[in-house]
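So the protein sequences, as listed, match chains B, E and H. Quick note on our numbering: the first sequence kicks off at 1 and runs consecutively. Quick note on our numbering: the second sequence kicks off at 1 and runs consecutively. Quick note on our numbering: the third sequence kicks off at 1 and runs consecutively. Here a beta-carbon is modelled for each residue, glycine too, at the ideal position from N, C-alpha and C. This one's a predicted model, so the numbers in the text were calculated from it and none came from an experiment. Okay, so here's the structure we're looking at.
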Amino acid sequence: MSNAFFTPDAVATTLERVRAATPLVHNITNIVAANSTANALLALGASPAMVDAEEEVEAFASQAAALVVNIGTITAPQAAAITRATKAAQRAGTPWILDPVAVGALAFRARIALDSLAHAPQAIRGNASEIIALAHLRDGHAEPPPSGRGVDSLKTAEQAVDAAGRLARSTGACVVVSGATDHITDGTRIATVANGHPMMTRVTALGCTATALAGACLAVEPDAMVACAHAMVLIGLAGERAAREAAGPGSLQVRLLDTLYQLDRDTVTQGARIAILAP
Amino acid sequence: MSNAFFTPDAVATTLERVRAATPLVHNITNIVAANSTANALLALGASPAMVDAEEEVEAFASQAAALVVNIGTITAPQAAAITRATKAAQRAGTPWILDPVAVGALAFRARIALDSLAHAPQAIRGNASEIIALAHLRDGHAEPPPSGRGVDSLKTAEQAVDAAGRLARSTGACVVVSGATDHITDGTRIATVANGHPMMTRVTALGCTATALAGACLAVEPDAMVACAHAMVLIGLAGERAAREAAGPGSLQVRLLDTLYQLDRDTVTQGARIAILAP
Amino acid sequence: MSNAFFTPDAVATTLERVRAATPLVHNITNIVAANSTANALLALGASPAMVDAEEEVEAFASQAAALVVNIGTITAPQAAAITRATKAAQRAGTPWILDPVAVGALAFRARIALDSLAHAPQAIRGNASEIIALAHLRDGHAEPPPSGRGVDSLKTAEQAVDAAGRLARSTGACVVVSGATDHITDGTRIATVANGHPMMTRVTALGCTATALAGACLAVEPDAMVACAHAMVLIGLAGERAAREAAGPGSLQVRLLDTLYQLDRDTVTQGARIAILAP
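Structure, rendered in structure tokens:
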């Protein structure tokens with residue numbers, strides 16, 4: 001794959017492909033993010049559905065164009081559903097992405113996240129603390145390093161790049177570390193996305209939303225690293241454009257949905273800040 | 001009943017009755033729609049409560065002015081609660097409405113939706129694919145026809161009118177098929193509502209919200225077909241007025257709540273597009 | 001403690017302390033309020049996390065700076081989690097606050113709320129009907145008085161002051177009765193907060209949000225009565241400033257988040273209406 005895929009033009013093409021396909025994105029997500037991410041997927045042009053009953057997830061993950069698994073408010077029944085859904089996705093060839101929310105802070109969800117890796121996610125997206133913790137656990141340590149605090153990250157994305165690379169090579173997944181500059185790696189190459197705005201950290205579930213948009217892009221783009229990098233541009237660009245006229249996080253959230261809906265080839269090619277860092 | 005009930009003036013009267021009664025509307029709903037529909041019911045002038053514990057639903061459905069059952073993110077415990085709640089509603093004379101979200105796509109929820117029909121809902125509201133699927137299952141087929149895809153509808157409301165009529169006659173419920181033009185039938189008469197705006201399909205849970213507003217109208221209007229048709233005008237009119245100044249689906253959702261709150265006799269009588277199609 | 005703590009200046013200081021500490025606030029809450037309260041906590045400057053799996057709540061309540069327990073959409077698994085979480089909070093010295101949503105209307109949640117009082121909450125916040133019902137039950141009555149209707153209050157805050165005082169003395173908690181004027185009591189002193197706007201009653205989950213903000217203040221202020229009174233000022237002031245330019249409850253909700261984010265020493269000291277009523 002050439003670096004031509006990590007360009008503003010290529011992002012615009014992925015956006016157009018999502019809108020043309022309106023991919024059905026199956027979400028197993030948390031009670032905070034459910035409404036926000038459904039709206040963001042609709043605004044982008046995808047077709048979201050939240051389905052997490054153990055009785056339903058296998059059938060749905062098999063027919064969906066992508067599966068998004070988010071453990072933000074995980075419960076035991078939802079954990080059982082995640083096992084079934086990710087197994088079914090793997091079997092059916094449905095690309096899926098894991099959002100290991102707060103994985104470093106709680107052993108129960110750490111186990112669920114780790115176990116799900118057996119079903120070969122195409123991608124994993126988290127903040128620096130989450131990626132460092134998951135990589136550490138995947139390395140075989142019983143406990144995560146003391147780096148997370150609830151859902152916040154106390155590390156920068158740059159500090160997590162090594163861990164992300166290790167996690168990517170070990171799992172075969174593309175790993176996204178969100179931060180002021182997002183870092184996306186498949187274990188060999190590293191791409192960066194510099195879109196976004198600091199006020200976005202004051203709106204809940206935007207990390208979950210980024211993961212969901214990556215799911216939509218995975219539905220139309222088989223190269224997970226390309227799909228994820230493009231999704232990070234789309235959410236970051238929508239957020240930074242929304243922030244320009246936002247009086248605070250309330251209006252930022254509303255405008256972000258409007259902006260996702262309005263994005264087109266021109267705004268994307270003018271605004272995308274995407275690059276290949278290595279090799 | 002005369003056609004005088006399917007007029008803009010009659011819709012305005014129902015709105016005023018909801019506001020005067022502030023009916024307690026019991027919702028068993030999904031995690032995507034819970035916040036949106038609570039806000040829409042409050043904006044309209046009703047009093048929403050979301051209660052879905054098996055231990056609580058019988059008592060609550062008995063004391064509520066209406067019950068709204070939505071299977072959008074159904075789980076086994078919620079299914080058990082729906083059985084109890086709908087039975088209690090039937091016994092207590094609480095009018096109730098079913099929203100069979102994605103019923104054609106998943107066998108588990110199809111069974112739950114079908115079983116609930118034994119408790120005599122006053123109304124059922126869905127998109128064309130959902131109504132066609134539920135009618136087909138109610139006819140005794142083991143599988144729905146291949147018409148749905150997740151929560152989207154691949155059919156127009158017009159294509160579902162026959163199925164809606166069959167379902168209405170079989171269950172005794174008023175059946176609403178949402179679409180560019182909504183069709184409302186009791187199995188004999190058909191009313192249409194032409195309010196709404198295409199951008200509404202890009203905001204999540206507006207179908208669920210329509211069902212919830214129908215619940216509020218059922219609380220004050222014993223003729224289910226009148227209540228449902230009026231509710232479709234109220235949500236459609238609020239949506240189309242909101243869309244006029246919305247930059248996208250984010251601001252549409254916000255303005256829709258403002259508009260529901262602002263609707264009055266004048267705006268309703270000027271804007272309602274309701275008609276009796278047959279007989 | 002002097003009355004100097006119940007002044008606009010003292011509220012501004014608490015706000016600054018929350019922002020400096022960005023306290024981790026553990027929420028066990030309902031599906032309607034989850035998104036709204038997470039956003040309000042972020043807008044204020046706290047760090048929210050929603051965690052309600054039985055397997056996780058003990059560890060999380062022990063490491064959090066405050067715990068918020070809301071029974072709005074209680075289920076049996078969540079009730080078990082509440083038992084564990086509040087016990088862990090008590091053991092770890094994590095301050096916690098109870099929001100007994102609709103406690104007068106439903107026996108199942110009344111039992112859960114009552115039982116949780118054994119784990120020594122620092123504070124309880126409800127509307128007048130809820131506080132009257134909980135106090136009545138705490139007095140040993142098997143049934144609440146017939147005062148509530150779903151989540152609405154049919155009483156004024158003033159009518160609940162006696163019950164609030166009794167509940168405070170019996171539990172050792174600060175009790176907040178929300179209303180047109182909020183009343184806050186520790187069983188001896190009574191403070192009042194006159195901020196707020198009537199349109200706030202048309203936005204869902206603002207009571208839950210008030211409770212969550214009180215949790216954030218409890219994380220930085222050990223005197224629960226001071227923390228709660230200050231939180232009532234912050235939510236009330238944000239709401240009334242938001243209402244000035246809101247066209248309805250949709251825009252009120254968005255602006256409220258913006259305003260919470262914008263509040264500073266000047267706006268708080270100019271706008272806070274807080275007083276000590278007694279003794």
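Listed in chain order, which residues of the segment 49 to 79 of chain B have Cβ atoms closer than 9 Å to some Cβ of chain H?
-> Near chain H, meaning a CB-to-CB distance below 9 Å, the residues of the segment 49 to 79 of chain B are Gly72, Thr73, Ile74, Thr75, Ala76, Pro77, Gln78 and Ala79.
Alpha carbon to alpha carbon, what distance is there between Asp139/B and Ala107/B?
-> Cα to Cα, the separation comes out at about 15 Å.
Which residues, in chain order, does the segment 101 to 127 of chain B contribute to contact with chain H at a C-beta distance below 8 Å?
-> Listed in sequence order: Ala102, Ala105, Leu106, Ala107, Phe108 and Arg109.
Taking Cβ-Cβ distances below 7 Å as the criterion, which residues of the segment 221 to 252 of chain H are in contact with chain B?
-> When C-beta distances to chain B are compared with 7 Å, every residue of the segment 221 to 252 of chain H stays at or above that value.
Beta-bridge partners of Ile28/E, as assigned by DSSP | In DSSP, Ile28/E forms a bridge with Val69/E.
Does Asp258/B come within less than 8 Å of chain E when only Cβ atoms are used?
-> So yes, Asp258/B belongs to the interface.
Minimum Cβ-Cβ distance from Ile31/H to chain E less than 8 Å = Nearest CB-CB separation between Ile31/H and chain E: below the 8 Å threshold.
Ile274/E beta carbon less than 8 Å from that of Arg11/E | At residue 11/E the sequence reads Val, which differs from the Arg that was named. Yes. Within cutoff.
Cβ distance (whole Å) where Thr14/E is taken to contact Cys174/E below 8 Å = In fact, because the Cβ distance is near 14 Å, the residues do not count as touching under 8 Å.
If you draw a straight line from the C-alpha of Leu208/H to the C-alpha of Ala102/H, how long is it?
-> According to the sequence as given, residue 208/H is Cys; it is not Leu. Between Cys208/H and Ala102/H, the C-alpha separation is close to 12 Å.
Return the first residue and the last residue of the alpha helix (DSSP H) that His230/H is part of.
-> Residues Ala224 to Arg244.
Contact check, Gly126/E vs Val177/E, beta carbons under 8 Å | Yes; because the gap between Cβ atoms is below 8 Å, this pair is in contact.
In this structure, does DSSP put Gly126/B in helix, strand or coil?
-> Gly126/B: strand per DSSP, three-state reduction.
Where the alpha helix (DSSP H) containing Val268/E begins and where it ends = Note, Val268/E: alpha helix (DSSP H), Arg265 to Gly271.
Leu42/H: contacting residues in chain B (beta-carbon distance under 9 Å) | The answer, in chain order, is Thr201, Arg202, Val203, Thr204 and Pro249.
Chain-ordered neighbours of Asn3/H on chain B, where CB pairs are closer than 8 Å | Within 8 Å Cβ-Cβ: nothing; Asn3/H doesn't reach chain B, min ~32 Å.
Option in Leu98/B, Thr37/B, Gly165/B and Ile71/B with minimal Cα separation from Ala278/B | Ranking the options by Cα distance to Ala278/B, first place goes to Gly165/B.
Does the distance from the CB of Thr259/B to the CB of Ala246/B come in under 8 Å?
-> Contact: no.
Per-residue burial, Asn3/H [other beta carbons within 10 Å of its own, 16 or more giving buried] = It is exposed - the Cβ of Asn3/H has fewer than 16 other Cβ atoms within 10 Å.
Buried or exposed (CB count within 10 angstroms, at least 16 for buried), Gln78/H | Gln78/H is buried by the Cβ-count criterion.
Which residues DSSP lists as bridging Ile276/H, in chain order | Per DSSP, Ala191/H.
How would you write the range of the alpha helix (DSSP H) that Asp302/E sits in, first residue to last?
-> No answer is possible for residue 302/E: it lies beyond the span of chain E, which begins at 1 and ends at 279.
So Ala219/E packs on Ala66/E, CB below 8 Å; how close in whole Å?
-> Here Ala219/E really is in contact with Ala66/E; their C-beta atoms are around 4 Å apart, less than 8 Å.
Ser289/B: contacting residues in chain H (beta-carbon distance under 7 Å) = Because chain B spans 1 through 279 in this model, residue 289/B falls outside it and cannot be assessed.
Pro145/E and Ala133/E look like a contact to me (Cβ under 8 Å); what is the Cβ gap, rounded to whole Å?
-> At roughly 7 Å, the Cβ-Cβ gap stays under 8 Å, so Pro145/E and Ala133/E are in contact.
State the CB to CB distance for the pair Val284/E and Arg84/E, rounded to an integer number of angstroms; the pair is presumed to be in contact (CB under 8 Å).
-> Chain E is shown from 1 up to 279; residue 284/E falls before or after that span and cannot be answered.
For the alpha helix (DSSP H) that contains Leu256/H, what are its first and last residues?
-> Counting along the chain, the unbroken alpha helix (DSSP H) around Leu256/H starts and ends at Pro249 to Gln262.
From what residue to what residue does the beta strand (DSSP E) around Asp139/H run?
-> Premise fails: Asp139/H is in no beta strand (DSSP E) and is neither H nor E.
Taking 8 Å as the CB-CB cut-off, is Val268/B touching chain E?
-> It does not: the Cβ of Val268/B has no partner Cβ on chain E nearer than 8 Å.
Rank Ala272/H, Arg265/H and Leu257/H by C-alpha distance to the C-alpha of Leu41/H and give the top, closest one.
-> Ranking Ala272/H, Arg265/H and Leu257/H by Cα distance to Leu41/H puts Leu257/H first.
Reduced DSSP secondary structure (H/G/I, E/B, other) of Met1/H = Only weak support exists for where Met1/H lies, its pLDDT of 46 falling under 50; the coordinates are left without a value.
Residue of Gln270/E, Gly172/E and Ala163/E minimising C-alpha distance to Ala128/E = If we check each option's Cα against that of Ala128/E, Ala163/E comes out closest.
Answer with buried or exposed for Arg202/E, where buried requires no fewer than 16 other C-beta atoms within 10 angstroms of its C-beta.
-> Taking every protein chain shown into account, the CB of Arg202/E has 16 or more other CB atoms within 10 angstroms, so this residue is buried.
With a cut-off of 8 Å, does the C-beta of Val254/B fall near any C-beta of chain H?
-> Yes, contact with chain H.
The alpha helix (DSSP H) enclosing Val57/B, as first and last residue numbers = If you look at Val57/B, you'll find it in the alpha helix (DSSP H) that goes Val57 to Gln63.
Tell me, which residues are paired with Ile82/E by DSSP?
-> Ile82/E pairs with nothing; no bridge assigned.
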